[in-house]
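Report on the following structure.
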Amino acid sequence: MGSTELNIIQLTDILKYDNEAQLSQALRAFSCVRNKELETFIREKAIRLEKQHHTRTYLIFKGHTIQAFFALAVNLLETSALSRTLIKKLSSNHNSDTQYIPCFIIGQLGKSDDSVIRGDEIMEIALSILLEIHNYLGTRFVLLDAVNVPKVIEFYERHNFIKLPVSNNDKQVKMIRYFA
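In my numbering, the protein residues as written are 152 to 331.
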């Protein structure tokens with residue numbers, strides 16, 4: 152890759168060895184004008200959630216600049232709004248009375264305004280890590296809450312995510328991707 156070589160580093164690993172103030176400064180430099188939620192997460196929440204073991208955030212660097220990041224976690228999908236048939240399909244024990252189904256979640260995924268990496272590459276990296284974790288822990292699917300914008304939905308659909316027939320609001324759509 153030469154001068155465009157990208158490095159993927161887990162935030163926990165950086166916290167072990169680097170000065171947290173310097174790390175916070177690097178995270179504050181991340182800019183994504185189109186999605187302020189990404190900026191807020193990386194600047195204000197990522198370190199705290201990492202230390203609390205709620206998420207694992209992966210940073211993608213080119214040199215010393217954060218190009219992109221994604222955050223992964225374990226989650227429970229609440230099933231009250233799902234059909235019994237879908238619950239059986241999602242549940243590892245095929246029980247339609249299951250109230251919560253364990254899954255992995257991609258909590259955040261995005262790139263900076265001046266990033267050299269494509270969204271497809273970020274997703275491929277995130278999914279490869281989730282597949283490796285799946286081999287050890289197992290769940291049936293990955294969950295995410297997508298912004299309800301056609302371009303965003305199409306992006307996730309290209310990566311084999313499907314919409315769940317449940318909506319928290321008009322702004323977000325729950326989507327899942329099954330492990331093969």
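For every residue, glycine included, the Cβ atom is placed at its ideal position computed from N, Cα and C. Treat the numbers as computed from the prediction; the structure is a model and nothing was measured.
On the three-state DSSP scale, how would you describe ASP296? ASP296 sits in a strand when the DSSP states are folded into three classes.
Within the continuous alpha helix (DSSP H) that includes LYS167, where are the two ends? Start and end: 162–168.
Quick one: is GLN173 buried, meaning 16 or more other Cβ sit within 10 Å of its Cβ, or exposed? It is exposed - the Cβ of GLN173 has fewer than 16 other Cβ atoms within 10 Å.
ARG291 to GLU275, Cα distance in whole Å? 18 angstroms
Could you check the C-alpha separation between GLN259 and ARG235 for me, to the nearest Å? 29 angstroms
Quick one, are the C-beta atoms of LEU315 and ILE257 less than 8 angstroms apart? no
Using three-state DSSP, classify MET152 as helix, strand or coil. The predicted model places MET152 with a pLDDT of 39, which falls under 50 and marks its position as unreliable; any figure quoted below should be read in that light. Here MET152 sits in coil by DSSP.
With a CB to CB cut of under 7 angstroms and the five nearest residues on each side skipped, what residues in its chain are close to TYR329? ARG291, PHE292
Over what stretch of residues does the beta strand (DSSP E) that includes LYS262 continue unbroken? 251–262
Given a threshold of 16 other Cβ atoms within 10 Å of its Cβ, counted over all protein chains shown, does GLU156 qualify as buried or as exposed? exposed
Spatial neighbours of MET152 in its chain, beta-carbon cut-off 7 angstroms, leaving aside the 5 residues before and after: Low per-residue confidence applies at MET152: pLDDT is 39, beneath 50, and the placement is therefore not dependable enough to give any value.
Mind checking ALA297: buried by the 16 CB within 10 Å criterion, or exposed? buried
Mind reading off the beta-carbon distance from ALA232 to VAL300? Whole number of angstroms is fine, and I expect it under 8 angstroms. Not confirmed; about 22 angstroms, so no contact.
What residue does the alpha helix (DSSP H) around ASN286 start on, and which one ends it? 270–288
Expressed to the nearest angstrom, what Euclidean distance is found between the alpha-carbon atoms of THR249 and SER242? 7 angstroms
Roughly how many angstroms separate the alpha carbons of LEU237 and ASN226, rounded to a whole number? 18 angstroms
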